[in-house]
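Chains as they are written, first to last, in this note's numbering: chain L, 889 to 1280; chain B, 3 to 617. Some notes on the structure that comes next.
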Ligand code: HEM
């Protein structure tokens, strides 16, 4: 060993913590090729109807999926698992099948069915996560993850199909399904679960599900109430103010932010309970990941959410400037978005610059859920303003 | 640690002169975090209370005392108050101080990265290890370089006095992210302040500009002090234009009044229309407008729709709302209780007040609505499966003032509804504004119209005031007399039905607050569109600020700065010694793993163990 030369140093001796650019590209190559083919097909088939904006959107999706899929390989399976069934449903509609005459559409693929499957699966997943932590059973944990995946995929399939459904019968009604409270709740449940799955896999921290998923489950409960008591799953046309290209960018990005903030906040709760339990030698502390890991998940999620939340708020302001003649009208929703933003800017400064860590930051992160929830939901329920999409 | 030095007070405690302390305080993190949180909390106020409503409605809600307190605090328009702007201004100022203080040091850090580092500095890094190896120093150094290169670094090395120095870093431009984000904040806030009309607010404050509070004043008599200058750099006002009218000013609300802004062009509203979905929900609001120059030349023409403004020479014109622009209504009036009176005729425009003959009654025509597609349930409380909605046609609202000064409000729908083989006209009335309407369903005669009902009512009243009692036989007899004149062909079943429904309507009309009923016979509809006109030259600056903000945040989060320094020297007892120190300013957990990997690799390749410290 002592005289081994540098060249004899086998690469496998190298630490595998670092993924070089080359690794990333290599792992991403088949994915990139598949994406390129799909994008090429779309341009070839529909390019004639495209304006510059459509090209821009396509490019953004292409790049986002390329990067996200290279960094998180599970996405490389998840994307086709959503797109293929959704396209199948679109095709079935196009050949005249309807939920009335096709049981596949009726029970599985129509927008409402997808959302309801998502609800059921996510509720089941929540229970399984709790049992997993309670009984410290690994197989249950694996099932919990699978159930969450299944629920998330069904949610996105449902949304995708619903997008198509908004056009059926009323071509002038068509819109991206993020226009009322029901639709955004489906999006919220599915995207929070999706981002949770990312952090779970990335940090090998399955026990966090017992904290994150109960919140998703309560959102599911609300969604079920909206569906059966309020019948908000009915497709309705858009009010004039929402008929804008910008909605497609603004709302989904907002929900990337909300989803990550939610995950961060519940991980904060997990942190608080686990460290408390640790001082008493409780069982919870042993079941949960190390505090540093939870701390890191919190920061990562907030940072990622902050980036998207900032972008989404800016896009909202640009939309407002185009549609209402002012970037900022101090409408309650806008103001609350600013409050959320300022809150997290404060958090990031305290953490990054002052180097605060641990319990105080976990409290901050946890308590922020109230601010975020008020922005997301409370404003629609209690205050009035220009953002009427969420009216009950 | 480095991150303490560049922000905190700790780095510069040497000469605590007062000016310096203030300077440090302004750029301190504690202040920044407090201001961010304070601003967040202050912003809540304006969302809890609806902003910029009329002062009278606030006064009504809070009572005279609290109304004044809140007004003085500026709670009705929080975001324009001096104290709110002050917090924002202070934050901007603090951020600017922070940038000026940090930038030179950060620039130096980007540009200079010495390969040689003092031993104490290496030991002070967040991760540090000391390793003794049998390998000669140059070989160990080569291994380290190989390792770093494999991890994606581009290490540099030097030798001095028999010691090897290695240094490497990633993400040196991370600090650019700091610069971009914070500069963006300043830029955006600055441009937004400019857009918020700083010069105008200033003159308002100085008293040279005084908002006018009389909303019914003709344009020509609005005092000069309420007019903003023609070349105002930024404004946002709106104007309500009836179809066919032209305007060259917009109004901007200010406190409990308004200011007038002259436009460099005239806006002519050719027409306005609403497009509907099949459900009756509005789909789009469209104004057809023409812009004229000062000499009457056409500058631009086109449509202004929701989400699709028209822009002309730096100003943008938006469709913001709509109302009735003075539709022409032709009405027939039926006097209640006077038999065999021909219906009177009335003509007027929405917005006008008409005199009802010499009776002393006056009628104000309030609002005209072209279509009323409403759910059945709101008309009669029953579900009608198959046709859940009903079209009641145009409606108009009028207020009747009695000679005694009492008032009642009425709502009349033009089209009848059909139920159980009989048609009805729906007439709503209420005596206080904001109360629920009481609806009367007046049965229509065989020729349509309500004259049969009115005549029947009059005849009945006459008979009953003569002392007869309202037995069914009397009711039927009176009706037959009336019907002989008005509707001789009516079948007995129809008659019975009509009598029943008339009785119902008469009970519903027990509290009817006027001695006549107006029905709409024809109309000429005229819309008014509210257009908003804005001029915001700061917009492009804001856009670039936003780009810088997002880019900067991305850089800060995802291009973390990592630094590595090493020193190698031959050990007097043979072999060599390596001191390796490294740190990252974000994603520390990941970096700790990277560092642990290096340690493992170095230990296994040099066949020895190290002592290491992680802070
Ligand atoms: C409107 C006010 C401000 C906003 C929105 C804001 C936003 C941000 C953001 C988003 C970050 C990145 C945090 C991270 O990397 O996780 C940051 C970092 C930072 N901010 Fe601010 N900031 C503001 C005001 C200030 C002020 C007044 C100071 C002066 C004390 C300041 C000093 C810093 C410093 C030193 C960093 C760290 C830069 C680095 O480590 O590279 N900020 N700020």
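All C-beta atoms in this analysis are idealised placements derived from N, C-alpha and C, irrespective of residue type, glycine included. None of these values were measured; they are calculated from a predicted model.
| Asked | Found |
| --- | --- |
| If you draw a straight line from the C-alpha of residue 149 of chain B to the C-alpha of residue 600 of chain B, how long is it? | 7 Å |
| Pull the bridge partners of residue 230 of chain B from the DSSP assignment, please. | B:263 |
| Could you name the residues of chain B that residue 1248 of chain L contacts, counting a contact when the two beta carbons are closer than 7 Å? | The contacting residues do not exist; residue 1248 of chain L stays about 12 Å from chain B at best. |
| Helix, strand or coil for residue 239 of chain B? Go by DSSP, reduced to three states. | strand |
| Just the chain L side, please: which residues come within less than 7 Å of residue 64 of chain B by C-beta, in chain order? | Simply none; closest approach about 18 Å. |
| Decide if residue 151 of chain B is buried, meaning its Cβ has at least 16 other Cβ atoms within 10 Å, or exposed. | exposed |
| Roughly how many angstroms lie between the CA atoms of residue 1173 of chain L and residue 1156 of chain L, to the nearest whole one? | 14 Å |
| Report the residue from B:284, B:245, B:301 whose alpha carbon sits nearest the alpha carbon of residue 266 of chain B. | B:301 |
| Among B:121, B:395, B:310, B:455, which residue has its Cα nearest to the Cα of residue 1132 of chain L? | B:310 |
| Could you name the residues of the region 548-572 of chain B whose beta carbon sits closer than 7 Å to any beta carbon of chain L, in the order they occur along the chain? | 548, 551, 552, 555, 556, 559 |
| Since residue 998 of chain L and residue 1049 of chain L should fall inside the 8 Å C-beta cutoff, what is the C-beta to C-beta distance between them, to a whole number of angstroms? | 6 Å |
| If you count every other CB in all the chains shown that lies within 10 Å of the CB of residue 1177 of chain L, and 16 or more means buried, which is it? | buried |
| Tell me, please, whether the CB atom of residue 1261 of chain L is closer than 9 Å to any CB atom in chain B? | no |
| Between residue 105 of chain B and chain L, is there a C-beta pair that is closer than 9 Å? | no |
| So residue 1195 of chain L contacts chain B; which residues on that side make the cut at Cβ distance below 9 Å? | 552, 555, 556, 559, 560 |
| Output yes if chain B places a C-beta closer than 9 Å to the C-beta of residue 1240 of chain L; else output no. | yes |
| Using DSSP's beta-bridge definition, name the partner residues of residue 504 of chain B. | Paired residue(s): none; residue 504 of chain B is not in a bridge. |
| For my contact list, residue 281 of chain B and residue 1059 of chain L are in at a C-beta cut-off of 8 Å; report their separation, rounded to the angstrom. | In fact, because the Cβ distance is near 14 Å, the residues do not count as touching under 8 Å. |
| Can you pull the chain L residues whose beta carbon is under 8 Å from the beta carbon of residue 309 of chain B, in chain order? | 1128, 1129, 1131, 1132, 1210, 1211 |
| Return the CA-CA distance between residue 1135 of chain L and residue 355 of chain B, expressed in angstroms with no decimal places. | 45 Å |
| Could you confirm whether any beta carbon from chain L is found closer than 9 Å to the beta carbon of residue 591 of chain B? | yes |
| Between the Cα of residue 243 of chain B and those of B:24, B:534, B:422, B:222, spot the shortest distance and give me the residue it belongs to. | B:534 |
| How would you write the range of the beta strand (DSSP E) that residue 578 of chain B sits in, first residue to last? | 578-586 |
| What are the complete alpha helix (DSSP H) segments, minimum 4 residues, inside the region 466-551 of chain B? | 474-488, 494-510 |
| Can you give me, in chain order, the residues of the region 484-495 of chain B that have a beta carbon less than 7 Å from any beta carbon in chain L? | none |
| Going by the C-beta, is residue 984 of chain L closer than 8 Å to any heavy atom of ligand 2? | In the structure on display, ligand 2 does not appear, and the ligands it does have are ligand 1. |
| I'd like the ranges of any alpha helix (DSSP H) spanning at least 4 consecutive residues and lying wholly in the region 935-974 of chain L. | 940-959 |
| So what's residue 51 of chain B in DSSP terms, helix, strand or just coil? | coil |
| Any C-beta of chain L within less than 7 Å: which residues of the region 29-48 of chain B qualify? | 31, 34, 35, 38, 39, 41, 42, 45, 46, 48 |
| Pick helix, strand or coil for residue 422 of chain B, following the three-state DSSP scheme. | coil |
| Where does residue 26 of chain B fall in DSSP's three states? | helix |
| Among B:403, B:398, B:63, which one has its Cα closest to the Cα of residue 630 of chain B? | With chain B represented from 3 up to 617, any question about residue 630 of chain B goes unanswered, as that position is not in the structure. |
| Pull up the DSSP beta-bridge partners for residue 207 of chain B, would you. | Answer is none; residue 207 of chain B lacks a bridge partner. |
| Are any of the Cβ atoms in chain L nearer than 9 Å to that of residue 508 of chain B? | no |
| If you draw a straight line from the alpha carbon of residue 1268 of chain L to that of residue 1262 of chain L, how long is it in whole angstroms? | 9 Å |
| Less than 8 Å between C-beta atoms, sequence neighbours within five positions excluded: which residues of the same chain meet that for residue 980 of chain L? | 990, 992, 993, 997 |
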